[in-house]
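Here the structure is laid out as structure tokens; the discussion comes afterwards.
2 protein chains.
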Amino acid sequence: MTAAPFFPNEPKGPKIVTEEIPGPQSKAAVAEMTKYIDTSATKLVVDYEKSIGNYLVDADGNVYLDVYAQIASIAVGYNNPTLIKAAKSDEVATLMMNRPALGNFPPKEWARIVKEGLIDNAPKGQKYAYVQMSGSDANESAFKIAFIHLAAQKRKGAGFSEEDLVSVMNNQAPGSPEVAILSFRRAFHGRLFGSLSTTRSKPIHKLDIPLFPWPQADFPALKYPLEDHVEENAAEEQRCIDQVDQILSTHHCPVAACIVEPIQSEGGDNHASPEFFHKLQATLKKHGVLFIVDEVQTGVCATGNMWAHEAWNLPYPPDMVTFSKKFQVAGFFYSDLLLRPALAYRHFNTWMGDPIRVVQAKYICQEIRDHNLLQNTIEVGNYVYQGLEKLAAKYPGKINNLRGKNKGTFIAFDCESPEARDKFCADMKHEGVNIGGCGPIGIRLRPMLVFQKHHADIMLAAIDKVFSA
Amino acid sequence: MTAAPFFPNEPKGPKIVTEEIPGPQSKAAVAEMTKYIDTSATKLVVDYEKSIGNYLVDADGNVYLDVYAQIASIAVGYNNPTLIKAAKSDEVATLMMNRPALGNFPPKEWARIVKEGLIDNAPKGQKYAYVQMSGSDANESAFKIAFIHLAAQKRKGAGFSEEDLVSVMNNQAPGSPEVAILSFRRAFHGRLFGSLSTTRSKPIHKLDIPLFPWPQADFPALKYPLEDHVEENAAEEQRCIDQVDQILSTHHCPVAACIVEPIQSEGGDNHASPEFFHKLQATLKKHGVLFIVDEVQTGVCATGNMWAHEAWNLPYPPDMVTFSKKFQVAGFFYSDLLLRPALAYRHFNTWMGDPIRVVQAKYICQEIRDHNLLQNTIEVGNYVYQGLEKLAAKYPGKINNLRGKNKGTFIAFDCESPEARDKFCADMKHEGVNIGGCGPIGIRLRPMLVFQKHHADIMLAAIDKVFSA
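Each protein sequence line maps, in turn, to chains H and U. At position 94 of the first sequence the residue is numbered 94 (this note's numbering), and the sequence of numbers has no breaks. Quick note: to get this note's numbering, add 1000 to the position in the second sequence (first position is 1).
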């Protein structure tokens, strides 16, 4: 970790120049956008050219320290010079504008690009990858691979039956069988029809959409501080594991895979212990159910490991690990060649991902290594956690269930109520800090990997000021 | 239309330098790729830097005239200088490497970018857009909008009930209702769980995947030449319309929308008349069912209109029009503000599309206008069609059901058998033409919009040579 700032030209701190947020320029921009698109979720209108490092600049010139980072998806700072240079390279321009149908017509450099962008940065034991377009798409494609694998095991090398071929065209069994994916309560895995069927975070994500009747198990609801609730929390985790075992023993149709986030993010930054995940893997293995780890939000160093599940030291690699967000490329790793379908066109689409995002992943990981950003995140995360512990003691009842100790900067706490949480986010904005919520009452810190102690001091001072008001 | 080539440095014609295809360099590249990724569908390993205009160069230096164009997704030629210049612009670099979460933090220029890239190029009557990541994702998101709209109509302004909020978290009605999307036999709308439920092209796309039990109607199976089967074809189209009417009258659950391709592409280049689509729209209106036109493959000029459905001159615009492929940006247009959900976060995800692909769409459409490529495609399409008519007469039984007259270069014909079709594609490759199939026995022409008469002559000569052998 260098003491010097990674971005020498970063602002010294936030600067709010408009009385209201959004300011007049931002309001005008939203009004113009609303003519064409849905702007109901717009939070800030951004001047991306002027944004730099950890600082986001809005259309009115307000400068925010950004600890939300495009919903946890910017890794190495706005206008990172290495990335901007890469964006203008011949390699990227060629791949962008001659966008290949990668499944049919890959570029001759594709093996190198995939190795440098994906495989060299994969979790231990993950040797192969599929490239997709988004986290939802990555999870759904992993589900499809799981279903294809399950069916292949059942067929034991036999081909498709005539009944398979006919029934599937009517979306009926046996060609389209009743099979399921197991997920956890409060999980978020995306918002397309298959992924949304495994998402259990908030009703607004799911209402009015037809979904598959797939099963769900409780995810542990741990009590904090962890050291004061050791036995209780262990019992809670065992209860959830028993539920998984029960579901897999009794569900009315085969379960092909179980998907889980290392830390449930959108659902409220819900943690579980490494022991929980060891037991989960063992239970899934017992039932012959594939284990998919969704690292869309936890991946790429923020938790203090390149991939959060590496901290568990599992005896076997997960069967699949999905990624997106800070990696910028979406897709999934898989650990066993048996998961690759035997026939062509079983998992296929026109683009099979976007090659420029694979190139981008390479440069992001290069920046991480060159600047030792994993170590930075571990150290700054500990510093932030300690700072929040002090603030929690100073303002009783304001910072509840502080969590994410020794999890890099992947730190969260609960406010008193949904209203208090929303007000906190708004107040922080007026103090020049862009911060995000999760779950019903959570605040989640998602700074970039270039977030340093001097940035943490600014954020902690803003929290102090907001709570003292 | 200019007589001069759009790409002055294009090769004069194809050139095959290896005895076998793939050649040794391509084979080595595939072997290397197979260490990391699924290469079961690889057709050619491409040198994209050397490819130019209508010509694709493979890793062994073989030069192909490309009339497949990355599964119909390259519009204005390989290494188009306008696009390459745009790729290296500050605007694209900034948007690429500071990838916004567009739903929360749009760039201040977003209204302009959306207008120039999407709205200015929209079909008549389509005033609004959502940006997505792929054709599958675009169709699924349109389905979600249709389901949300249907439920909003039923609630008549009332909020969600407690029962809605509880049941939806268990993927059960009433929060997650049983509702459906109607599609047509032989349709292709994508391969995620919702879109795959509407895809009816080939078993291999669907086998072993759980699907929604959604209804399907027959798509007209027209007989060719059209002028010899006028009454028969009209009766066939009416039969399919009656089936739609019957399904919508009797289906056991509400149907929110019907999705249809103007020309079923992957399913075999199956056409229907404008009258069919007029009747379809009227039937859907009668039942209060939304009309989604899937222009993923037909969009962007190849059929002789910017959007294929514009040729129908419908009395009302379709409710939604989905796009991807040659537009490079994926998403959907919608014609009525009532389709935009009233609440935030009903249709939402981290990225909400990729802004650089919206910018790319602008430059693609600018190239089309600057070089009059729509007119070019109409003229060259007619020229190709006439050439194929002559070849069909010269080789009886080889070129069957020639179709796509007055449909730009969106032309197809049937071979004698699946085996004959696959052999034809392979033989054409040895003659230096990369050509694609569709359906069980179809050949689909999907040249770029910069395909000119001198390219057509090369392609027609190659077909002549293959059939004469």
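Beta carbons are placed, not taken as given, at the ideal position from N, Cα and C, and that holds for glycine. Remember, predicted model here, so these are calculated numbers, not experimental data.
Please state if the CB of U/Thr1322 and the CB of U/Asp1354 are separated by a distance shorter than 9 Å. no
Exposure of U/Ser1417, with buried meaning 16 or more beta-carbon neighbours within 10 Å: exposed
I'd like the list of long-range same chain contacts for U/Pro1100, defined as Cβ closer than 7 Å, with 5 residues on each side in sequence excluded. Pro1106, Pro1107, Pro1355
Helix or strand or just coil, what does DSSP make of H/Tyr130? strand
Could you compute how far the alpha carbon of U/Tyr1036 sits from the alpha carbon of H/Gly299? 20 Å
In chain order, what residues of the region 99-116 of chain H put their CB closer than 7 Å to some CB of chain B? Included in the structure are the protein chains H and U, with no chain B among them.
Outcome for U/Asp1164 when other beta-carbon atoms lying within 10 angstroms are tallied against a minimum of 16: buried
May I ask you to list, following chain order, the residues of the region 1150-1166 of chain U that have a beta carbon less than 7 Å from some beta carbon of chain H? Ala1151, Phe1160, Asp1164, Leu1165
H/Pro418, DSSP secondary structure in three states: helix
Can you tell me the Cβ-Cβ gap for H/His149 and H/Leu373, rounded? I've got them flagged as a contact below 8 Å. The Cβ separation is near 36 Å, so there is no contact.
Where H/Lys15 sits in the DSSP three-state scheme: strand
Distance, Cα to Cα, H/Asn121 vs H/Ser73? 17 Å
H/Asp464 to H/Arg186, Cα distance in whole Å? 30 Å
Give me the Cβ distance between U/Gly1439 and U/Gly1268, rounded to the nearest whole Å; I'm assuming they're in contact under 8 Å. 2 Å
Beta-carbon neighbours of U/Arg1340, restricted to chain H and to distances below 7 Å: Asp38
Going along the chain, which residues of its own chain have a beta-carbon closer than 7 Å to the beta-carbon of U/Ile1016, five neighbours each way excluded? Asn1062, His1430, Gly1432
Comparing the C-beta of U/Gly1194 with each C-beta of chain H, is any distance below 9 Å? yes
Looking only at C-alpha atoms, which of H/Met96, H/Met33, H/Gln132 sits nearest to U/Glu1116? H/Met33
Buried or exposed, going by whether 16 or more other CB atoms sit within 10 Å of the CB of U/Val1092? buried
For a cutoff of 9 Å on Cβ pairs, would you count U/Leu1343 as touching chain H? yes
CB contact check: U/Thr1042 to chain H, cutoff 9 Å: yes
Grab me the residues of H/Gly175's own chain with a C-beta within less than 8 Å of its C-beta, minus the 5 sequence neighbours each way, in chain order. Phe160, Glu163, Asp164, Leu165, Val166, Ser167, Val168, Met169
In the structure shown, what three-state DSSP assignment does H/Asn400 receive? strand
In the structure shown, what three-state DSSP assignment does U/Thr1002 receive? Note on U/Thr1002: pLDDT 48, under 50, position unreliable in the model; the coordinate value appears next. Three-state DSSP puts U/Thr1002 in coil, outside helix and strand.
Can we say the region 1192-1211 of chain U touches the region 1241-1251 of chain U, given the rule of at least three CB pairs closer than 8 Å? no
Cβ distance (whole Å) where H/Val67 is taken to contact H/Val45 below 8 Å: Not confirmed; about 19 Å, so no contact.
How about H/Arg168: is its C-beta nearer than 9 Å to some C-beta of chain U? One point to set straight first is that residue 168 of chain H is Val, not Arg, in the sequence displayed. Taking Cβ atoms only, chain U reaches closer than 9 Å to H/Val168, which makes this a yes.
Compute the Euclidean distance between the alpha carbons of H/Lys127 and H/Phe333, then round it to the nearest angstrom. 7 Å
What residue from H/Met428, H/Glu20, H/Thr82 has the CA that sits closest to H/Phe6's CA? H/Thr82
Closer than 9 Å to chain U by CB, H/His271: no
Tell me whether U/Thr1002 is buried or exposed, calling it buried when 16 or more other Cβ atoms sit within 10 Å of its Cβ. In this prediction, U/Thr1002 scores a pLDDT of 48, lower than 50, which makes its location untrustworthy; the coordinate-derived value is nonetheless stated afterwards. Exposed, since its Cβ has fewer than 16 Cβ neighbours within 10 Å.
Report buried or exposed for H/Leu445, applying the criterion of at least 16 other Cβ atoms within 10 angstroms of its Cβ. buried
Distance between U/Ala1158 and U/Met1352 (C-alpha atoms, nearest Å): 28 Å
By the DSSP assignment, the beta strand (DSSP E) with U/Asp1066 in it spans what residues? 1063-1066
Which term fits H/Asn104, buried or exposed, when burial requires 16 or more other beta carbons within 10 angstroms of its beta carbon? buried
Check whether the Cβ atoms of H/Phe143 and H/Thr198 sit closer than 9 Å, and answer yes or no. yes
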